[in-house]
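Below is one structure, written out as structure tokens; the observations come after it.
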Amino acid sequence: MFKLFQKTPVISTKDLADKLEQSITLLDVRTPEEYRRGHIAKAVNYPLNKINRYQGKEKEVYVICQSGMRSKQAAKILKEKGYEATNVQGGMNRWQGPTRGGK
Numbered sequence: 282m283f284k285l286f287q288k289t290p291v292i293s294t295k296d297l298a299d300k301l302e303q304s305i306t307l308l309d310v311r312t313p314e315e316y317r318r319g320h321i322a323k324a325v326n327y328p329l330n331k332i333n334r335y336q337g338k339e340k341e342v343y344v345i346c347q348s349g350m351r352s353k354q355a356a357k358i359l360k361e362k363g364y365e366a367t368n369v370q371g372g373m374n375r376w377q378g379p380t381r382g383g384k
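Numbering (our numbering), first residue to last: 282 to 384.
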């Protein structure tokens, strides 16, 4: 099977909200400035430009950005590093739950 054709798993923001009740690793790959404007409480800021250096202990990670494009890229990079990375579809634009920081 070609790695090229492997799809990145996705999760909706609604399903992510349910997952947050468990102990999960959620990486926010937006810039530190975007993160400070408002993020999900459990999210750890790990900007996309540094994601190739990520060395978390948990093999299963969820990745979020503003719209879902950067997190899709980040999930691909993490998958290549051996992580089970799931992209949060629609990103913070679709997130309806509480956030920390920001306005």
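All residues carry an ideal CB built from backbone N, CA and C; glycine is no exception.
For glutamate 314, the uninterrupted alpha helix (DSSP H) segment begins and ends at 313-318. When Cβ pairs closer than 8 Å are counted between the two stretches, the region 289-296 is seen not to touch the region 323-331, the count staying below three. For the pair glutamine 377 and isoleucine 358, the Cα-to-Cα distance works out to about 27 Å.
The beta-bridge partner set that DSSP reports for aspartate 309 consists of Asn326, Ile345. Put simply, of Lys362, Glu361, Thr367, Glu341 the residue whose alpha carbon is nearest the alpha carbon of serine 352 is Thr367. By the Cβ neighbour-count rule, glycine 383 is exposed, with fewer than 16 other Cβ atoms within 10 Å of its own. Non-local beta-carbon contacts of leucine 297 in its own chain, meaning distances under 6 Å to residues more than five positions away in sequence, involve Val369 in chain order.
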